[in-house]
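Chains as they are written, first to last, in the working numbering: chain U, 107 to 366; chain Y, 121 to 280; chain A, -5 to 102.
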């Protein structure tokens, strides 16, 4: 009995290997981090009430209609009372901006509005207000596919992001590809490697015990391979965000998600 | 039943397997108690005893639901439920949840009223390492029941 | 402590129905055993130590929390719908600060 099942397993495994090999050159749809999570973590995300990230969405919702700055304006004054005008928009970010001559992520866009239109103080990238606003805006496009433009003016930034993704760095001399392209689904010590997509960010991380940005996650990854991390909002990470979102094209936006 | 002819061999093999299984369990069991004795299973037992007023708990009626393997020990969903009709005459009065391997064993305790209708509470806890989580319930008649669940906590990896 | 806790109670229920209540509040739940990485000094304990839920002034559930409760304490539990009324929720932290919320339910 045991012998046959073992042989069966070997045959199946070999078969699976052939299957994987056959599929390898073809581009498969990548999986969301949700699909790799344990059922308990998925359940936390499935219910908006039990998802603690929504406490920050509430903050963003409040800030949306709060008048701030010398211009005496709120987000709602220009963009409508409930945020629904943002539907679909966030899934196209980061986007090329002609004035800046580089990419803008949602956080850049929010701060541009705050400083230029509202004449208010810029928010810090990882502040509760910014995380809340980013989550509030991103969640308007939830369950819609990530859809970024990587051609035209965005092309050089996409290329830079791709190069970052494929470049070895740090004491461990590793590129993003070594984990997230070569070994998704495989355990690295106790954690399962994923496709490393940003479709659920800002996310409530069980580890952080709070919501955090995609760029914060990048910093963690970089530190782990013993590379010098870049700053949140740096060009390097914004370009990388574009490349990640290109990889996630067609995957649904889950913001704000729950991840381990 | 299907193999009456070689029943003895079947039983024999089963007995061997069963024996081996128990042996393995016993080894694991002692391994846990010796390696984790430095932590707080005794303190956990003390915390429960303090909570129940020294009354010993009978195993049963209390269920602790936890993931088999927690993805991150900093936020682990946990549900405690007690089999009780929750009537004025027969209900759960209080429940304590303790973690044997945490720096201090008490996690949370509840005072319950029959108005809940169902003795089940879910929350999220911190777990320092792989360990047993124990819940004890004091019933309206003064009896004490308890339930235990082991949870594995993964440490390390590329959590960033 | 957060200004706005999240509370979920059904607006209406049938008499005798078993309803579910969920609550969530933002709080770091500082254990008191962590050290400040820069100064090496212990960060003092600051947790929500008590949570209670009452219905029409009668206590249904009281929780005593310890540092092993995860940040942003979440509780989900049940109540039996008997009459129309108000659920009151109170969270108290180590500094003695309280945050409360209430929610009405109609029982038909």
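Ideal Cβ placement from N, Cα and C applies to all residues, glycine included. Because the structure is a prediction, the values reported are computed rather than measured.
Got a sec: which bits of the stretch 89 to 102 of chain A sit with their beta carbon under 7 Å from any beta carbon on chain U, in order along the chain? Cβ contacts with chain U come from no residue of the stretch 89 to 102 of chain A.
Roughly how many angstroms lie between the CA atoms of residue 185/Y and residue 232/Y, to the nearest whole one? Those two C-alpha atoms are separated by around 19 Å.
Apply the 10 Å Cβ neighbour rule to residue 210/Y and answer buried if 16 or more other Cβ atoms are within range, or exposed otherwise. Counting Cβ neighbours within 10 Å, residue 210/Y comes out exposed, since fewer than 16 surround it.
Could you list which residues in chain A have their beta carbon closer than 8 Å to that of residue 164/U, in chain order? Correct list: -2 and 0.
Please name the residue in 222/U, 271/U, 239/U and 331/U whose C-alpha comes closest to that of residue 178/U. With distances taken between Cα atoms, residue 178/U lies closest to 222/U.
Please name the residue, chosen from 92/A, 78/A, 91/A and 63/A, that lies closest to residue 243/Y on a Cα-to-Cα basis. It is 63/A.
With distances taken between CB atoms, is the gap from residue 165/U to residue 235/U smaller than 8 Å? Yes, they are a contact pair.
Beta carbon of residue 36/A nearer than 8 Å to that of residue 158/U: Not closer than 8 Å, so no.
Would you call the stretch 200 to 209 of chain Y in contact with the stretch 38 to 46 of chain A, where contact means no fewer than 3 C-beta pairs closer than 8 Å? Flag = no, the stretch 200 to 209 of chain Y and the stretch 38 to 46 of chain A do not touch.
For residue 156/U, go through chain A and note every residue whose CB falls closer than 8 Å to its CB, in chain order. By Cβ distance, chain A contributes 16, 18, 68 and 70.
Burial state of residue 356/U, where buried means 16 or more other Cβ atoms lie within 10 Å: Around the beta carbon of residue 356/U, fewer than 16 other beta carbons lie within 10 angstroms, which makes this residue exposed.
May I ask you to report which of helix, strand or coil DSSP gives residue 242/Y? Reduced to three states, the DSSP call for residue 242/Y is strand.
For residue 238/Y, count the other beta carbons within 10 Å of its own beta carbon; 16 or more makes it buried, fewer makes it exposed. Which is it? Its Cβ being crowded by 16 or more others within 10 Å, residue 238/Y is buried.
Buried or exposed by the 16-neighbour rule on C-beta atoms within 10 Å, applied to residue 198/U: Counting Cβ neighbours within 10 Å, residue 198/U comes out exposed, since fewer than 16 surround it.
Neighbour list for residue 65/A in chain D, Cβ cutoff strictly below 8 Å: Annotation note: the requested chain D is absent from the structure, which comprises protein chains U, Y and A.
State the Cα-Cα distance for the pair residue 168/Y and residue 216/Y, rounded to the nearest angstrom. Inter-residue distance for residue 168/Y and residue 216/Y is about 7 Å (C-alpha atoms, whole angstroms).
Could you check whether the Cβ of residue 239/U sits closer than 8 Å to any Cβ belonging to chain A? It does not: the Cβ of residue 239/U has no partner Cβ on chain A nearer than 8 Å.
Let me know the secondary structure DSSP gives residue 176/Y once reduced to three states. Reduced to three states, the DSSP call for residue 176/Y is coil.
State yes or no: is the beta carbon of residue 347/U nearer than 8 Å to at least one beta carbon in chain Y? Chain Y, which has no Cβ nearer than 8 Å to the Cβ of residue 347/U, makes this no.
On the three-pair Cβ rule with 8 Å, is the stretch 249 to 265 of chain U touching the stretch 188 to 206 of chain U? Contact between the stretch 249 to 265 of chain U and the stretch 188 to 206 of chain U is established, with three or more Cβ pairs separated by less than 8 Å.
Within a Cβ cutoff of 6 Å, which residues of the same chain sit near residue 163/Y, ignoring the five residues on either side of it in sequence? Correct list, in chain order: 225.
Distance between beta carbons of residue 184/U and residue 170/U, contact taken as under 8 Å: At roughly 11 Å, the Cβ-Cβ gap does not stay under 8 Å, so residue 170/U and residue 184/U are not in contact.
Contact set between residue 146/U and chain Y, taken where Cβ atoms lie within less than 9 Å: Neighbours of residue 146/U on chain Y, chain order: 186, 187, 190, 191, 196 and 197.
Taking all protein chains shown into account, decide if residue 102/A is buried (16 or more other Cβ within 10 angstroms of its Cβ) or exposed. With fewer than 16 other CB atoms across the displayed protein chains lying within 10 angstroms of its CB, residue 102/A is exposed.
First and last residue of the uninterrupted alpha helix (DSSP H) at residue 265/Y: Run containing residue 265/Y: none in the alpha helix (DSSP H); it sits in the beta strand (DSSP E), 264 to 273.
For residue 66/A and residue 23/A, the rounded distance between their alpha carbons: Approximately 7 Å, taken between the alpha carbons.
Residue 274/Y at chain U interface by Cβ criterion, 8 Å: Yes, contact with chain U.
Taking residue 183/Y as the reference, give the member of 193/Y, 235/Y, 175/Y and 198/Y with the closest Cα. Relative to the Cα of residue 183/Y, the nearest Cα in the group 193/Y, 235/Y, 175/Y and 198/Y belongs to 198/Y.
What is the rounded straight-line gap between the Cα of residue 56/A and the Cα of residue 256/U? Whole-angstrom Cα-Cα distance: 55 Å.
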